[in-house]
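As structure tokens, the structure follows; a few thoughts come after it.
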Amino acid sequence: MPAPTESDEPTESDEPTTPAAGAGATAATVSTHVLDTAAGHPAAGIGVNLNARAASGTWASVGSSRTDPDGRCRDLPPLPTGTTAARLDFDTGPAAPVARGFFPEVAVTFTVSPGEHHHVPLLLSPYGYTVYRGS
1294 MPAPTESDEP
1304 TESDEPTTPA
1314 AGAGATAATV
1324 STHVLDTAAG
1334 HPAAGIGVNL
1344 NARAASGTWA
1354 SVGSSRTDPD
1364 GRCRDLPPLP
1374 TGTTAARLDF
1384 DTGPAAPVAR
1394 GFFPEVAVTF
1404 TVSPGEHHHV
1414 PLLLSPYGYT
1424 VYRGS
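Laid out in structure tokens, this is it:
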């Protein structure tokens, strides 16, 4: 994936904040899975990076993972409390069977509801992809 530009680099003041212990806020969580629709099976080994948008509009990386043999990322960390938008960056090029396709990476930005779980599957084929909010 391309390196972030200087304006994309988060600063300490741009980081989403986590409330003090006992503040009662509940963090939103994110999961995903990737299916290779051309081959008809899960896409294992896809790199996934989870980012949160700070109040200033800059992006901060929250964590990363790699899809397991079932095509799922089960270990993404919770989003910082107060996050209203998140982005999943999928590195579909080097690891996926569809690497010879047109999309070497996919970025999916979505709104976040506090305290809710957000499941965002990616259905990938050589010349197209689809995302949706799962359950």
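First residue of the sequence shown: 1294, per the working numbering; consecutive thereafter.
Beta carbons: idealized from backbone N, C-alpha and C, even for Gly.
From which residue to which residue does the beta strand (DSSP E) around residue i run?
i, result
"Tyr1420", "First-last for Tyr1420: undefined, no H or E at that position."
"Asp1329", "Thr1322 to Asp1329"
"Val1399", "Val1399 to Thr1404"
"Ser1354", "Trp1352 to Arg1359"
"Phe1395", "No beta strand (DSSP E) holds Phe1395; DSSP gives it neither H nor E."
"Val1413", "Where Val1413 is concerned, there is no enclosing beta strand (DSSP E), given that its DSSP letter is neither H nor E."
Please state whether the Cβ-Cβ distance between residue i and residue j is less than 8 Å.
i, j, result
"Leu1381", "Val1341", "yes"
"Thr1433", "Cys1366", "Residue 1433 falls outside the range modelled here, since the chain spans only 1294 to 1428, and no answer is possible."
"Pro1325", "His1410", "Looking at the sequence itself, residue 1325 is Thr, so the reference to Pro does not match. Result no, Cβ atoms of Thr1325 and His1410 do not sit closer than 8 Å."
"Leu1369", "Val1327", "no"
"Ala1348", "Ser1406", "no"
Do you know whose CA, among the options, lies nearest residue i's CA?
i, options, result
"Phe1396", "Val1323, Ile1339 and Arg1346", "Ile1339"
"Arg1426", "Pro1419, Thr1402, His1334 and Glu1398", "Thr1402"
"His1334", "Pro1419, Asp1363, Val1424 and Glu1398", "Asp1363"
Quick one: does the C-beta of residue i sit closer than 7 Å to a heavy atom of the ligand GDP?
i, result
"Thr1404", "The ligand GDP is absent from the structure shown, which contains no ligand whatsoever."
Closer than 7 Å by C-beta to residue i: which residues in its own chain qualify, once you throw out the five before and the five after it? Chain order, please.
i, result
"Thr1404", "Thr1377 and Ala1378"
"Thr1319", "Pro1407 and Gly1408"
"Ser1354", "Asn1342 and Asn1344"
What separation, rounded to the nearest whole angstrom, lies between the Cα atoms of residue i and residue j?
i, j, result
"Ala1400", "Gly1408", "23 Å"
"Ala1337", "Asn1344", "21 Å"
"Leu1415", "Tyr1422", "7 Å"
"Thr1330", "Ser1357", "23 Å"
"Asp1384", "Trp1352", "17 Å"
"Gly1386", "Glu1398", "6 Å"
"Val1424", "Leu1417", "9 Å"
By Cβ distance, which residues of its chain are closer than 8 Å to residue i, with the 5 residues on each side in sequence left out?
i, result
"Ser1428", "His1412"
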